[in-house]
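Since the structure comes first, as structure tokens, the remarks are kept for the end.
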Amino acid sequence: MATVVLLGTLDTKGFEYAFIRDEIRTHSGCDTILIDAGVLGTPQIEADILRDQVAAAAGTTIEALVSANDRGKAIEAMANGAADIVRNLFAEGRLHGLLGLGGTGGSSLVTHAMQALPVGVPKLMVSTVASGDTRSFVGAVDITMMYSVVDIAGINRISGRILSNAAAGIAGMAERYTRPVEHGEDRPLIGATMFGVTTPAVTEARGVLERNGYEVLVFHAVGSGGQSMEALASGGFFDGVLDLTTTELADDLVGGVFSAGPDRLEAAGRAGVPQVVSLGALDMVNFGPKSTVPEQFRERNLYVHNPSVTLMRTTPEECAELGRRIGQKLRATKGPVVVFIPRGGVSAIATRGGVFDDEVADKALFDNLLAHLGDKVEVVESDLDINHPEFARAMANRLLELIADHKQKGTAS
Numbered sequence: 090m091a092t093v094v095l096l097g098t099l100d101t102k103g104f105e106y107a108f109i110r111d112e113i114r115t116h117s118g119c120d121t122i123l124i125d126a127g128v129l130g131t132p133q134i135e136a137d138i139l140r141d142q143v144a145a146a147a148g149t150t151i152e153a154l155v156s157a158n159d160r161g162k163a164i165e166a167m168a169n170g171a172a173d174i175v176r177n178l179f180a181e182g183r184l185h186g187l188l189g190l191g192g193t194g195g196s197s198l199v200t201h202a203m204q205a206l207p208v209g210v211p212k213l214m215v216s217t218v219a220s221g222d223t224r225s226f227v228g229a230v231d232i233t234m235m236y237s238v239v240d241i242a243g244i245n246r247i248s249g250r251i252l253s254n255a256a257a258g259i260a261g262m263a264e265r266y267t268r269p270v271e272h273g274e275d276r277p278l279i280g281a282t283m284f285g286v287t288t289p290a291v292t293e294a295r296g297v298l299e300r301n302g303y304e305v306l307v308f309h310a311v312g313s314g315g316q317s318m319e320a321l322a323s324g325g326f327f328d329g330v331l332d333l334t335t336t337e338l339a340d341d342l343v344g345g346v347f348s349a350g351p352d353r354l355e356a357a358g359r360a361g362v363p364q365v366v367s368l369g370a371l372d373m374v375n376f377g378p379k380s381t382v383p384e385q386f387r388e389r390n391l392y393v394h395n396p397s398v399t400l401m402r403t404t405p406e407e408c409a410e411l412g413r414r415i416g417q418k419l420r421a422t423k424g425p426v427v428v429f430i431p432r433g434g435v436s437a438i439a440t441r442g443g444v445f446d447d448e449v450a451d452k453a454l455f456d457n458l459l460a461h462l463g464d465k466v467e468v469v470e471s472d473l474d475i476n477h478p479e480f481a482r483a484m485a486n487r488l489l490e491l492i493a494d495h496k497q498k499g500t501a502s
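Just so you know, we're using this note's numbering here: the sequence shown kicks off at 90 and counts up by one.
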């Protein structure tokens, strides 16, 4: 039987959780476990796992959290305790889906616990903030955010319908999760990063890798994509990584909208996963519509990629710093890594004559990268641009060689 775990604050949302619990149970083959993560008020309904147990899992007590009189600290503690409990429930085979209801505080608490679960486990958050920027709630995992439309405060003709839909959704997902997905033969995985301006390269390289028996997971390098790939690399999912598109580092440096954070390009190295890395789309920083570009950048070289995305050419100074950062990250890697430098252009619009063609900026990027890589990192330089089929095939074939050597050494040891 599939089991949906319901996690929330039953002192403020108890009646709503009772409603959705009963709705889930109307679906045959689906049971529930209700966890109370509330702190202050009296629970409106009885939980299966009590708030005291959640607090204990966080190394504290409800009394200590109440006496501290700090709502933020209380939410943080209960979120940590809840994460520990749901991890254990999953490990015991007693969790096939996780659902939560809430506003900002409740969403923060529940999604923190959701992020503790593996990718693929159904996670549904019904939230008043799901129509806005949900990146901090979703993180790098597959959390489904469902906008509640009205506040989660009682059952009415709107909230009742939305919560019943949510119940049906999580019940169906949880029941399906109990059965394996038929997707053909399980093949070893390779992670790859792609952007619109590096799509031809990744498509060509992916073909080579797939013909050699690998399954390629492609991540869109828009911040969350890079974070997801890094999380999977840390989790040991990949036999190799083709990090062809490292553009998120430019957004992190300059303040664009597609940053994956300062730790990007580090997880595979820490895990010792074989990597082939290139400099895809480091000629650009990403913003939203042109009207949203910060005032200090309005006179820079801007290119409207589409109505929702405006690109800004990185300067020689920014490229020099990017080269330095990438070099330092890669020289610290524990596994085999090869860097491919496409001197003919790092994106589809940075080739000679392109709108982002800037030989001075490119030289600053390449020179500073080479100066900081150290002697142990293999470098392959080419006069081709990054999307040239020959360049893409060379990256893929070198990654295949790295993986084969890495496996052979592992077998020998």
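The beta carbon of each residue, even a glycine, is placed where N, CA and C say it ideally should be.
**Study point:** Q385 classed as buried or exposed, judged by whether at least 16 other C-beta atoms fall within 10 angstroms
**Key:** exposed
Check your understanding: Roughly how many whole angstroms lie between the Cα atoms of A145 and A171?
Key -> 10 Å
Point to revise | Whole-number beta carbon distance between G127 and T110, since they are thought to touch under 8 Å | key: The residue you asked about is not Thr; residue 110 is Arg in the sequence shown. At roughly 15 Å, the Cβ-Cβ gap does not stay under 8 Å, so R110 and G127 are not in contact.
Check your understanding: Are at least three pairs of beta-carbons, each pair with one atom in the stretch 102-120 and one in the stretch 255-275, less than 8 Å apart?
Key -> Yes, the stretch 102-120 is in contact with the stretch 255-275.
Review point. Comparing alpha-carbon positions, which option in T335, G350, R300 lies nearest L278?
Key: R300
Point to revise | Through-space distance from P425 to E407, alpha-carbon basis | key: The alpha-carbon of E407 is positioned some 27 Å away from that of P425.
Point to revise | Local Cβ density within 10 Å of N169, reported as buried at 16 or more and exposed below that | key: Answer is buried; the Cβ neighbour count reaches 16.
Exercise for review: Kindly give me the distance between the Cβ atoms of S436 and F445, rounded to whole angstroms, as I take these residues to be in contact under 8 Å.
Suggested key: 7 Å
**Study point:** Reduced DSSP secondary structure (H/G/I, E/B, other) of E152
**Key:** helix
Review point. Looking only at its own chain, which residues have a Cβ that is under 7 Å from the Cβ of L473, when we skip the five neighbours before and after it?
Key: P431, G433, E479, F480
Point to revise | Complete runs of the alpha helix (DSSP H) confined to the stretch 213-258 [at least 4 residues] | key: 224-227
Check your understanding: Can you name the residues that DSSP bridges to L338?
Key -> L338 pairs with nothing; no bridge assigned.
Review point. In or out: T200 buried (at least 16 other Cβ within 10 Å) or exposed?
Key: buried
**Study point:** Assigned exposure category for M90 - 16 Cβ within 10 Å defines buried
**Key:** By the neighbour-count rule (16 or more Cβ atoms within 10 Å), M90 is not buried but exposed.
Review point. When DSSP labels each residue in this structure, what does I134 get in the three-state scheme?
Key: DSSP places I134 in coil when its eight states are reduced to three.
Exercise for review: Report all residues from its chain with a CB closer than 7 Å to the CB of I164; omit the five preceding and five following residues, and keep chain order.
Suggested key: Once the five neighbours on either side are set aside, the close Cβ partners of I164 are G194, S197, L198.
**Study point:** One or two residues paired with R402 in a DSSP bridge
**Key:** According to DSSP, R402 bridges with M373.
Review point. Could you check where the alpha helix (DSSP H) with Y392 kicks off and where it finishes?
Key: Run containing Y392: none in the alpha helix (DSSP H); it sits in the beta strand (DSSP E), 391-395.
Review point. In angstroms, rounded to a whole number, what distance separates the CA positions of E271 and V143?
Key: 37 Å
Check your understanding: Using a Cβ-Cβ cut-off of 7 Å (strictly less than) and excluding sequence neighbours within five positions of T217, which residues of its own chain qualify?
Key -> G192, S237, D240, I241
Review point. Where does L473 fall in DSSP's three states?
Key: It is coil, neither helix nor strand.
Review point. Run through DSSP, which three-state label would H495 get?
Key: helix
Practice item. Locate the alpha helix (DSSP H) running through M318, then write down its first and last residues. Key: 313-323
Review point. Counting along the chain, where does the beta strand (DSSP E) carrying A281 start and finish?
Key: 278-283
Check your understanding: If we ignore side chains and look at the alpha-carbon of each, how far apart do F327 and P351 end up?
Key -> 22 Å
**Study point:** L462 versus F226: straight-line alpha-carbon distance, rounded
**Key:** 35 Å
Exercise for review: Just mark S313 as buried or exposed, buried being the case when its beta carbon has 16 or more other beta carbons within 10 Å.
Suggested key: Answer is buried; the Cβ neighbour count reaches 16.
Point to revise | Residues bridged to I164 [DSSP beta-bridge criterion] | key: DSSP, once it has assigned bridges, lists no residue as partnering I164.
Check your understanding: Any idea which residues DSSP pairs D120 with across the strands?
Key -> In the DSSP secondary-structure assignment, D120 is bridged to T92.
Point to revise | Spatial neighbours of Q417 in its chain, beta-carbon cut-off 6 Å, leaving aside the 5 residues before and after | key: H461
Review point. With distances taken between CB atoms, is the gap from A166 to T149 smaller than 8 Å?
Key: yes
Check your understanding: Are three or more beta carbon pairs between the stretch 318-338 and the stretch 362-372 nearer than 8 Å?
Key -> yes
Review point. Any idea if G329 is buried or exposed, counting beta-carbon neighbours within 10 angstroms, 16 or more meaning buried?
Key: buried
Point to revise | K162 versus L129: straight-line alpha-carbon distance, rounded | key: 13 Å
Point to revise | Residue range of the unbroken beta strand (DSSP E) whose run includes H461 | key: Per DSSP, H461 belongs to no beta strand (DSSP E); it is in the alpha helix (DSSP H), 448-462.
Review point. Which one or two residues does DSSP pair with G416 in a beta bridge?
Key: G416 is not bridged to any residue.
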